[in-house]
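Read through the structure below, which is laid out as structure tokens, and then see the notes.
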Amino acid sequence: MSKSIGERERTFFAETGYLVIKEMFQPEEIAAIKNEYEKIWLQMLASGEIKQDPLRPLESLYPNRFRDFHRENERIARFSLDPRVIELLEELLEEEPLVIQTSYFFKPPGSRGLSLHQDNYTVGVHPGTTYAVWVSLDATDEENGGLLIVPGTHKLDLLSCEFVPGSSAAYAGEMTPIPPGFRRVQISTRPGDVVIFTGYTMHGSPRNRSENRYRQAFVTHFAKSSLEKITHNYSYLMNKKGQRVRKPINTSPKVVEISGTVFNYQNLSYHDQVFSKVKG
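Numbering-wise (this note's numbering), the sequence shown opens with residue 1 and increments by one.
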């Protein structure tokens, strides 16, 4: 169903850096996108692209995330560009959004969490920031590794990270400490709910401690069409018509402070990513 936002929602988003929209997608739409990724997963399993690790028998079967499959799959592209999402973002941003990337998280029982971080630290949108549209595909809560948000951190600058070599939870080996005076909030969702948050809003998720509950989610990152530059790894931009949009490269995003060069950070440990074969 179509969702519209009022002044209360705009104010909440401006003050906290996030917004929860209940029941944006219907059960059949959620089932369809889950089925699409299950087909991709089964094909990779059958071809040997995904191999089971005896030391991590369940987690190794489900890569941490499938990234950017909207570039090669029309159904996924349409889901990321759903008119209801675009309309909602145009209301919030007051201009057309551009797709930066898509991610699909399986997060089976026992899988690792994702440490608190700010998306624009690596994406490097300038001026402005990113806007994530996080679609809940399963019921989520603290037990199965639901989304964590640190409200109000979107008003801060991009924060420096602590580098944790070999960390099983760190985002690209980096962790962002919560600043004094802020606290994290656990977001609980139902299938079809949507959470929108900015690229400055600190967020993450705990480990999936459940015995038999997945925490699947589909995330599309957007930027305002007025952005002037973006980091090389995220420069495959797409407008709401599905057309490629090109912007200059940001060679000095915040992540360079840790990695030393924009071309090194992509090799930091962000466990088990599977990328689309369609390159920018």
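Idealized CB from N, CA, C, for every residue including glycine.
Cβ neighbour criterion (16 or more within 10 Å) applied to residue i
{"i": "residue 4", "result": "exposed"}
{"i": "residue 178", "result": "exposed"}
{"i": "residue 171", "result": "Caution applies to residue 171, whose pLDDT of 49 falls short of 50 and renders its modelled position unreliable; the value that the coordinates give is listed next. The residue in question, residue 171, is buried, as its Cβ has 16 or more Cβ neighbours within 10 Å."}
{"i": "residue 11", "result": "exposed"}
{"i": "residue 14", "result": "exposed"}
{"i": "residue 226", "result": "exposed"}
{"i": "residue 31", "result": "exposed"}
{"i": "residue 101", "result": "buried"}
{"i": "residue 182", "result": "exposed"}
{"i": "residue 276", "result": "buried"}
{"i": "residue 265", "result": "Confidence at residue 265 is low in this model, with a pLDDT of 49, below 50, so its placement is unreliable and the value that follows should be read with caution. Buried, because 16 or more other Cβ atoms sit within 10 Å of the Cβ of residue 265."}
{"i": "residue 237", "result": "buried"}
{"i": "residue 73", "result": "buried"}
{"i": "residue 180", "result": "exposed"}
Identity of the residue in the options nearest residue i by Cα
{"i": "residue 136", "options": "227, 38, 19, 218", "result": "218"}
{"i": "residue 79", "options": "62, 202, 242, 20", "result": "242"}
{"i": "residue 40", "options": "119, 188, 17, 70", "result": "70"}
{"i": "residue 119", "options": "112, 134, 56", "result": "134"}
{"i": "residue 114", "options": "202, 224, 227, 240", "result": "202"}
{"i": "residue 121", "options": "157, 92, 244", "result": "157"}
{"i": "residue 205", "options": "141, 6, 11", "result": "141"}
{"i": "residue 75", "options": "131, 33, 45", "result": "33"}
{"i": "residue 161", "options": "31, 188, 63, 257", "result": "257"}
{"i": "residue 90", "options": "73, 254, 240, 139", "result": "240"}
{"i": "residue 319", "options": "53, 228, 130, 107", "result": "No answer is possible for residue 319: the residues shown for the chain start at 1 and end at 280."}
{"i": "residue 185", "options": "7, 9, 6, 17", "result": "17"}
{"i": "residue 200", "options": "53, 20, 82, 132", "result": "132"}
{"i": "residue 20", "options": "45, 9, 50", "result": "9"}
{"i": "residue 77", "options": "244, 53, 233", "result": "244"}
{"i": "residue 81", "options": "92, 48, 97", "result": "97"}
Within 7 angstroms, strictly: CB atoms of residue i and residue j
{"i": "residue 99", "j": "residue 231", "result": "no"}
{"i": "residue 126", "j": "residue 198", "result": "no"}
{"i": "residue 109", "j": "residue 208", "result": "yes"}
{"i": "residue 111", "j": "residue 59", "result": "yes"}
{"i": "residue 144", "j": "residue 246", "result": "no"}
{"i": "residue 274", "j": "residue 63", "result": "yes"}
{"i": "residue 190", "j": "residue 139", "result": "yes"}
{"i": "residue 176", "j": "residue 88", "result": "no"}
{"i": "residue 248", "j": "residue 224", "result": "no"}
{"i": "residue 129", "j": "residue 221", "result": "no"}
{"i": "residue 105", "j": "residue 56", "result": "no"}
Residues bridged to residue i [DSSP beta-bridge criterion]
{"i": "residue 134", "result": "195, 219"}
{"i": "residue 102", "result": "220"}
{"i": "residue 18", "result": "197"}
{"i": "residue 117", "result": "203"}
{"i": "residue 149", "result": "185, 203"}
{"i": "residue 56", "result": "53"}
{"i": "residue 126", "result": "229"}
{"i": "residue 256", "result": "Its beta-bridge partners do not exist; DSSP assigns none."}
{"i": "residue 11", "result": "Beta-bridge pairing links residue 11 to no other residue."}
{"i": "residue 249", "result": "230"}
{"i": "residue 85", "result": "Bridge partners of residue 85: none, in fact."}
{"i": "residue 97", "result": "224"}
{"i": "residue 66", "result": "104, 274"}
{"i": "residue 237", "result": "245"}
### Query
Using 8 angstroms as the threshold, is the stretch 183-196 in touch with the stretch 19-31, meaning 3 or more CB pairs across them?
Contact annotation: the stretch 183-196 touches the stretch 19-31, with at least three C-beta pairs closer than 8 angstroms.
### Message
Does the contact criterion of 3 or more C-beta pairs under 8 angstroms hold for the stretch 148-157 versus the stretch 207-221?
### Response
Not touching, per the Cβ criterion.
### Query
Quick one: any contact between the stretch 29-45 and the stretch 57-76, if contact means 3 or more CB pairs under 8 angstroms?
Yes, the stretch 29-45 is in contact with the stretch 57-76.
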